[in-house]
Every structure is written in structure tokens, then in C-alpha cells.
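Below is one structure, written out as C-alpha cells, with a few remarks after it.
Residue numbers (my numbering): 74 to 377.
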């Protein structure tokens, strides 16, 4: 696909794929393939690999790139393959970004450096993102996730970056609707903003976000798709119905139990979730029962 075609298809719902591990602690490639295949068949717009739900801080660069290779063989146009490539230095980020493109990534999701967070002033981050965008040949998405990086990026800076010819969008995961609205008011027309927090998704769509990248789509893609598709056709009753179901999944699974909870929910939903990578630990048997109950409540009355 050309860059123009990729940008045109940057919309809808994407799951931030988890990374299943085998008993030896390596990537379970068979489970990963099965998860991706099932997600793509559900009608999602594509997938994100090596994002926060993929336990990316615990993956080696080679493992990240292997996920891209595996996914590329499965993701067919117009569905898209987005790869997370943010690292601490500009040079490292540029290197892995180029390698991810060489292995087939359609677009890149780049989280800002955060180790020296006090030094990450707007002019520093702007120079970082511009240098990476200047050095790659695929669209770049900025990744805002202040609950992990420890800081919020300046909306005015994001507005300026949105005018870079190769910075095509962003994923905004704070859950702060006012912050989302501020960003959406400052970026150029056509800049593709995705909401990364389900609690803010509907409000984001109302303000101009083109879609969402939701961890809940790993184990319940149809509810996530249902919200987006109902919004697009103006069916507000269904939007509210699906949002209530999504809130159950957020409040009772992902918000409290994180990646281990997502993986447990995937196992319970017939996907290959498996164990998280240490130091993360799997949920307890008691929590697993609560997750199963939450899934039943969220799905009650749906043909899922």
C-alpha cells in the first residue's frame, strides 16, 4: 500500500496485540498467529504489535521485529499493521523503526522517551519526533500515554508536529477527555487521532477522533467494534448499550488487572493469552473467576 492509502485506512478499531509466551519463556508464535488471525477475521481495521499490551518493555528488539514479521504474513490490505517502535534515544528509535518497516510495518507508533523525563521539554520532544519522521518512509503516529511515561505532552507541540508531512496521527491513551479535545482542536485537518482509553472513546469520536486502539479488543473485539460502528451510523441507543458493556470490561478487568487480566480474559474467551513475562505475574484463581463473571455480564444478551 502507498502511504496515501495507509493514511486513508487509518480509522476504526485496532487491538494492541498481546505477546503470548511459551513454557520456555519465548514467544509462542503459534498462539500469536492464531490470535492475529481471529482478530483480523472479526472485522477489525488491523492490528498493533509491540504496544503497551504487548509487554513491549520486556521484549528484545529482535522479538519486537519478529512479531512484525509474523504479523505481516497475516495482515492483508486494506487492514493495517502498526508497529510500536519507540525507544529511549532518537538513534535507537530510528534504527528499529527502519527495521520494522523493512519487515513490513505499514505505520509506526512511537512513544516518547521517558527515562530523563524532566528533560523532555516540548522543544526536545519535537526535535525527537521530527528526526524520526524525517528518517523513515512510512507514516508515524505519536503515542501519548502519560500514566506510563510520567508526563503529558504539550498539545501545542502536538499541533505543530501534526503539520510534519510524515507525522500522520497519534494514539492518546490518558483517558482525559479535556486533554483529547485540546489536542483535537490544535491538530491539522486530516490528522488521525485514535483514543487509547475506552472510557474516553465515545467522547473522542464526537470530537473528531477516527477510531480507537483498545486493549479490550484483544478478548472482546465485537463490543469494541459495536461502539464504533453504531457511532458511525448514528445509532446512539446502541452506542450507549455497548458502552455500558465496555465499561464492565474496563472497570473489572483491564483497569485493575492490567496485562495479566487481559491475558486471563483472552484465555477465557478462547484466545491464546497465556502467562505474562516476569516480573508480571498471572492473576490468581479467585481473580480469574471474577474476570469470567465480568465477561458473562458484559456479553449478556449478545450473540458473541
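Just so it is clear, CB atoms sit at the ideal spot from N, CA and C, and this is done for glycine as well.
Remember, it's a predicted structure, so these values are computed and weren't measured experimentally.
For the pair residue 273 and residue 248, the CB atoms are nearer than the 8 Å cut-off.
The Cβ atoms of residue 164 and residue 141 do not sit closer than 8 Å to each other.
The straight-line gap separating the alpha-carbon atoms of residue 169 and residue 308 is approximately 42 Å.
Taking the C-beta atoms as reference points, residue 268 is found nearer than 8 Å to residue 285.
When DSSP states are grouped into helix, strand and coil, residue 178 belongs to the coil group.
In the DSSP assignment, residue 153 forms a beta bridge with 119.
The shortest CA-to-CA distance from residue 150 to any of 310, 339, 80 and 311 is the one to 80. Every alpha helix (DSSP H) of 4 residues or more that sits fully in the stretch 209-248 is shown, in chain order, as 219-222 and 228-234.
Contact annotation: the stretch 363-376 touches the stretch 306-326, with at least three C-beta pairs closer than 8 Å.
Annotated as distal: residue 250 and residue 232, with beta-carbon spacing of 8 Å or more. Distance from the CA atom of residue 172 to the CA atom of residue 252, rounded to whole angstroms, is 33 Å. Residues 253, 254 and 257 of the same chain have their beta carbon placed closer than 7 Å to that of residue 280, with the five preceding and five following residues left out of the count.
8 Å or more divides the Cβ of residue 117 from the Cβ of residue 375.
When secondary structure is reduced to three states using DSSP, residue 183 falls in the strand class. The stretch 226-242 makes contact with the stretch 198-206: 3 or more CB pairs, one atom from each, lie closer than 8 Å.
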